[in-house]
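Heads up: the sequence shown begins at 111 in our numbering, then just goes up one per residue.
In this text, a Cβ means the ideal position worked out from N, Cα and C, and glycines have one as well.
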Amino acid sequence: MNITYRELDENDYDTIKDVFGDIIKKYNLSYFREKSFTYGAFDGQKLVGIISVVVLPLLSPLVGEEAFINYVGVLSAYRRQGIGSRLMEMAEKWTKERELFQLRGWSSTYTVEAIMMANKLKYALAHSIIYDVDAPLDDKDKFIIGYNWVKRFD
Ligand SMILES: CC(C)(COP(=O)(O)OP(=O)(O)OC[C@H]1O[C@@H](n2cnc3c(N)ncnc32)[C@H](O)[C@@H]1OP(=O)(O)O)[C@@H](O)C(=O)NCCC(=O)NCCS
Numbered sequence: 111m112n113i114t115y116r117e118l119d120e121n122d123y124d125t126i127k128d129v130f131g132d133i134i135k136k137y138n139l140s141y142f143r144e145k146s147f148t149y150g151a152f153d154g155q156k157l158v159g160i161i162s163v164v165v166l167p168l169l170s171p172l173v174g175e176e177a178f179i180n181y182v183g184v185l186s187a188y189r190r191q192g193i194g195s196r197l198m199e200m201a202e203k204w205t206k207e208r209e210l211f212q213l214r215g216w217s218s219t220y221t222v223e224a225i226m227m228a229n230k231l232k233y234a235l236a237h238s239i240i241y242d243v244d245a246p247l248d249d250k251d252k253f254i255i256g257y258n259w260v261k262r263f264d
């Protein structure tokens, strides 16, 4: 299968929404900002994979910026063929070129494939619990258990 990769922009919004849902809105429209990296994997004209990375400031006492993976996804029928890893590789190159501190993602323990991919790609994995800002106010279970997965390039 010949998969091609290219940068995505505003013109791809509807296609992205059709294939992966409204992940752009969900992640605060951060896809096409100046300090972001959004790439798609295509089988012919068909979008089959996506990665979106944004630059975030490091928290005190550190100074500088990191690259954070908002979303990485590959259509079910195209998984386990190296597409996710290739998208990650491109995001790593982008992070290195900008001399950012690290590339980081966060996945809930339910997203097994993402954690397994990060593990395969030699990311450091640190478990962490985050507050679910999207949970309804009356939902008692507002915390999500997951992993930060991080690779440093300095
Ligand atoms: C995570 C995801 C992007 C991986 O995409 P992919 O194209 O299948 O990834 P790759 O083919 O490059 O897999 C790389 C490695 O990850 C690991 N891996 C991926 N899926 C796995 C699974 N279901 N079980 C165990 N290991 C898995 C394997 O080690 C694999 O290497 P191998 O096939 O040589 O054994 C894809 O599974 C996906 O879209 N999942 C749903 C969306 C999601 O959870 N996104 C993360 C939220 S940010």
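Closest residue to residue i among the options (Cα-Cα distance)
i: Asp-264; options: Asp-249, Gly-150 and Phe-211; result: Phe-211
i: Met-111; options: Ile-161, Val-129, Gly-131 and Phe-152; result: Phe-152
i: Ile-133; options: Lys-232, Asn-180, Asp-251 and Tyr-149; result: Asn-180
i: Ile-254; options: Tyr-220, Glu-207, Val-173 and Ala-224; result: Tyr-220
i: Ile-113; options: Gln-155, Phe-130, Val-173 and Ala-234; result: Gln-155
i: Tyr-241; options: Leu-235, Lys-135 and Asp-249; result: Asp-249
i: Trp-259; options: Tyr-233, Ala-245, Val-182 and Asp-251; result: Tyr-233
i: Gly-131; options: Phe-178, Gly-183, Phe-147 and Arg-116; result: Gly-183
i: Lys-206; options: Phe-178, Asn-229 and Leu-235; result: Phe-178
i: Ala-228; options: Asp-244, Gly-192 and Thr-148; result: Gly-192
Bridge partner(s) assigned by DSSP for residue i
i: Pro-167; result: Glu-175
i: Glu-117; result: Tyr-149
i: Gln-155; result: In DSSP, Gln-155 forms no bridge with anything.
i: Ser-217; result: Tyr-257
i: Arg-208; result: Its beta-bridge partners do not exist; DSSP assigns none.
i: Val-184; result: Gly-159
i: Tyr-241; result: Phe-253
i: Arg-262; result: Gln-212
Neighbourhood of residue i by C-beta distance below 7 Å, restricted to the same chain and skipping five residues each side
i: Leu-139; result: Because Leu-139 sits at a pLDDT of 49, beneath the cut-off of 50, its placement in the model cannot be relied upon, and the following sentence gives the value as read from the coordinates. Once the five neighbours on either side are set aside, Leu-139 has no close Cβ partner at all.
i: Pro-167; result: Glu-175
Spatial neighbours of residue i in its chain, beta-carbon cut-off 6 Å, leaving aside the 5 residues before and after
i: His-237; result: Tyr-257
i: Thr-125; result: Leu-157
i: Arg-262; result: Gln-212
i: Ser-218; result: Ile-254 and Gly-256
Whether residue i touches residue j by CB criterion (8 Å)
i: Trp-204; j: Val-163; result: yes
i: Leu-213; j: Glu-202; result: yes
i: Ile-161; j: Leu-197; result: yes
i: Val-165; j: Lys-145; result: yes
i: Gly-150; j: Leu-118; result: yes
i: Leu-231; j: Ser-195; result: yes
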